[in-house]
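> Below is one structure. I have some questions about it.
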Amino acid sequence: NNLKSFEDKIGYIFKNKENLVLALTHSSYANENRDLKLQSNERVEFLGDAVLEISVSEKIYRNYSNLREGELTKVRANIVCETSLIKCSNNIEIYKYILLGKGEEITGGRTRVSLLADAFEAVIGAIYIDAGLEPAKEFVYRHMDNLIADCARGNIAMDYKTQLQEVVQK
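Counting along the sequence shown from 1, when you hit position 55 you're at 63 in the working numbering, and nothing is skipped either side.
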């Protein structure tokens with residue numbers, strides 16, 4: 009029921025439910041439940057990060073021809089940053105569905121920004137594994153289009169890391 013509820017929320021039905029379980033399995037859960045022989049979502053998050061990058065890059069390249077290369081890079085950085093990913097994670101309430109170990113649960117893992125952002129990327133990677141690039145891109149666009157448009161119009165401020173890098177480079 010939990011998996012079905014999450015699929016309804018994200019607008020994607022997994023062909024292989026193991027891919028969804030993989031996306032939602034934090035390393036703390038996998039380590040505490042070795043008898044279940046579950047992998048953590050770390051590797052699929054790595055893949056999801058790459059799919060997110062290419063999806064956002066393609067979208068802003070195709071839709072914002074007025075932006076130069078440097079501007080495209082800044083816009084993409086603002087979209088794929090942790091701050092943006094946490095907004096998307098919260099919108100789909102991923103914190104309700106992540107499998108966490110007891111220690112991680114007790115120490116507030118369900119609200120840990122990096123954990124939630126990584127889980128969002130893991131879902132992207134799991135969709136990619138399950139059905140390929142197009143469905144993964146559709147997921148990204150469904151959940152990030154407004155954010156992409158806002159960033160491309162300059163309505164969202166740069167993340168602090170980028171701001172610092174620009175000051176240091178000057």
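Ideal Cβ placement from N, Cα and C applies to all residues, glycine included. Predicted, not measured: the structure shown is a model, and the values here were computed from it.
Can you tell me whether THR115 is buried or exposed, with buried defined as 16 or more other CB within 10 angstroms of its CB?
exposed
> State the Cα-Cα distance for the pair ASN163 and ASN27, rounded to the nearest angstrom.
35 angstroms
> Buried or exposed: where does LYS145 fall if 16 or more other Cβ atoms within 10 Å of its Cβ makes it buried?
buried
> What does a CB cutoff of less than 7 angstroms around ARG84 pick up in its chain, not counting 5 residues either side in sequence?
VAL64, SER65 and ILE68
> Residues bridged to LEU180 by DSSP?
Beyond the ends of the chain as shown, which are 9 and 178, falls residue 180; an answer cannot be given.
> Rounded to a whole number of angstroms, what is the C-alpha to C-alpha distance between LEU5 and ASP153?
As shown, the chain starts at 9 and ends at 178. That puts residue 5 outside it, with no answer to give.
> When burial is assigned at 16 or more other CB atoms within 10 Å of the CB, is LEU141 buried or exposed?
exposed
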